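Read in order, the letters of the sequence shown correspond to residues -25 to -1, 1 to 157 in mature numbering (1 follows the signal peptide of the UniProt record, and there is no 0).
All C-beta atoms in this analysis are idealised placements derived from N, C-alpha and C, irrespective of residue type, glycine included.
A quick note: this is a predicted structure, and the numbers were derived from the prediction, not measured.
This report concerns only the one structure given below.
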Amino acid sequence: MGFSKSVAARAVVLVAVALLRLSDAAVYTVGDSGGWTSIGNLDYKQWAAAKTFQVGDIIRFEYNAQFHNVMRVTHPMYKACNASAPLATYTTGNDTVNITAKGHHFFICGVPGHCQSGQKVDINVLRESESSPAPLGTSPASASVPSAGGPAPSPSGAITLKASSKVCLAMAAFAVFVSVFH
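This is the structure:
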């Protein structure tokens, strides 16, 4: 009986740690308030360079679906603005991509001329050891949290949401731990 409680306790701890890591995911809207467009002076290379992307983050593309799309492509296709055989195509105007692996993730607009005019982005997800966590009380620059039709919360609101999520997850893990050993 002691062995099964030990195994259960380890399982609870592992689940709690995994849930806490998931709650660290950030949501980035490509181009921030400018969105995904070929109009204006949006520099997606500069936008992406100012971010520290991690596995588990969500990349959101917001755009007018009548005039744009999003295509996930290979590096050579990205460099050449080649939209002939994308890895994935998104067309809703409010698309989200979950980042599940480290490395470069390349996206272009497949509408003729848009990629050539700069509507492309390289999301570079570093290994954990390459990125340093943000100090407590700060948030990723321009990160947003999904909202239900209203304005996105301020970055400090996103941190509050993350901190409260961690507290809830920790309390749930503690409750399971207590029930196993009670």
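query	result
Proximity winner among 49, 34, 21, 38, relative to residue 13 (alpha-carbon distances)	38
Nearest-angstrom Cβ-Cβ length linking residue 50 and residue 84, presumed shorter than 8 Å	Not quite, the Cβ-Cβ distance comes to about 17 Å (not below 8 Å), so this is no contact.
Close-in-space but distant-in-sequence residues of the same chain around residue 71 (CB under 6 Å, 5 per side omitted)	33, 35
Buried/exposed call for residue 29, threshold 16 Cβ in 10 Å	buried
Contact the segment 54 to 62 vs the segment 16 to 25: 3+ CB pairs below 8 Å	no
Distance between residue 56 and residue 75 (C-alpha atoms, nearest Å)	24 Å
DSSP state of residue 15 mapped onto helix, strand, coil	coil
Cβ neighbours of residue 45 in the same chain (closer than 6 Å, five flanking residues each side left out)	36, 65, 70, 82
Beta-bridge partners of residue 26, as assigned by DSSP	Paired residues: none, contrary to the question.
With 16 other Cβ atoms within 10 Å as the buried cut-off, status of residue 4	buried
Beta-carbon proximity check, residue 17 vs residue 31, cutoff 8 Å	no
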